[in-house]
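Start counting the sequence shown at 3; every next residue gets the next number (the working numbering).
Here is the structure we will look at.
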Amino acid sequence: MDLEKVAELQKIIDDSDNIVFFGGAGVSTESGIPDFRSQDGLYNLKYAYPPEEIISHSFFEANPKEFYRFYKDKMLVPDAQPNAAHLKLAELEAAGKVKAVVTQNIDGLHQKAGSKAVYELHGSTLRNYCTRCGTYYDAKFIQDSEGVPVCPKCGGIIKPDVVLYEEGLDSRTIRRSIEAIEDADVLIIGGTSLVVYPAAGLIDYFHGRKLVLINKGAVGRETRADLVITDPIGEVFSQIKVR
Ligand code: APR
């Protein structure tokens, strides 16, 4: 691990009390949840249909059975635990240094680690709603259901509160994410390839002092980072002290 760069990150964190974290699937790989575009990522799986097609609105509508087969098999990881990155970000929030986590992840691990201000741009597997009567169901209900989960109340198909391709993002979540990023003194971007919009475009609202990128692979756009670390993000954060 590049300890010199970790020391530089430590100084940036020590010197700020207005840090926003912007993350993606790479934050959860050390918790055993595969990302999407790495070699062993979900999108490189050989599947009956291209995974990016399966997690789309039109596929969900047309083929809920196949959708749920993939979703339960590959996207629900109920016993995943927060790793050092999630835990340290929660500690930094409690210490008044991290003001918000803006995440593309749907696994709920930031909240499980104790973070309070978490903006889930792509929704969450922990929330599921009947498409007919709107009744809420938790992830366990989906996990325990056979085939396509249907609402016991009205028989409607239950849908995860996850933003599928072809669907829009929640406008309030976007607004709050932009406000946090616009106000931030430091933006730490981690575990994301920055190829999916509008999420990847939110970093353009950052005009603060220091931008840090912690990502193993190359990213799909210019970030103007002041510090780039390519070590595993959980290992990096395990070295960070909350002072
Ligand atoms: N530490 C640091 N970086 C990591 C780690 C790790 N432990 N593990 C993976 N990475 C990096 C990979 O190199 C990759 O560049 O994280 C990045 C993850 O990129 P993607 O797999 O593209 O995931 P993400 O950027 O979150 O995808 C965005 O695409 O399909 C949609 O909705 C889906 O939210 C997702 C969005």
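Don't be surprised by glycine CBs; every beta carbon is placed ideally from N, CA and C.
Remember, predicted model here, so these are calculated numbers, not experimental data.
Item	Value
Return helix, strand or coil for F38, following the three-state DSSP convention.	coil
Which residue wins for smallest C-alpha separation from R129, given the options E93, K142, V120, S117?	K142
Taking the DSSP output, what are the residues bridged to V165?	Answer is none; V165 lacks a bridge partner.
Using DSSP with H/G/I as helix, E/B as strand and the rest coil, what is A118?	Per the sequence shown, residue 118 should be read as Lys rather than Ala. In the structure shown, K118 sits in coil (DSSP, three-state: anything other than H, G, I, E or B).
Taking Cβ to Cβ, would you say G246 is nearer than 8 Å to S30?	The structure shown does not extend to residue 246, since the chain is modelled only from 3 through 245, so no value can be given for it.
Tell me whether F23 sits in a helix, a strand or coil according to DSSP, three-state version.	strand
In angstroms with no decimal places, state the Cα-to-Cα distance between K212 and E6.	17 Å
Who are L215's beta bridge partners in DSSP?	I191, V230
With distance defined between alpha-carbon atoms, name the residue in G192, L166, P80 nearest to E54.	L166
State the DSSP-derived secondary structure class of V238, mapped to helix, strand or coil.	helix
Out of curiosity, what's the CA-to-CA distance linking D16 and V188?	11 Å
In the DSSP assignment, what residue or residues form a beta bridge with I159?	V152
Of the choices V103, P162, T194, K114, whose alpha-carbon is the least far from that of D81?	K114
Grab the span of the alpha helix (DSSP H) containing L11 for me, first residue to last.	5-16
Helix, strand or coil: which one does DSSP assign to A102?	strand
Using a threshold of 8 Å, state whether the C-beta atoms of L123 and T105 are closer than that.	yes
Taking 8 Å as the threshold, find out whether the stretch 199-206 comes into contact with the stretch 149-162 through three or more Cβ pairs.	no
May I ask which residues mark the beginning and end of the beta strand (DSSP E) holding S126?	125-132
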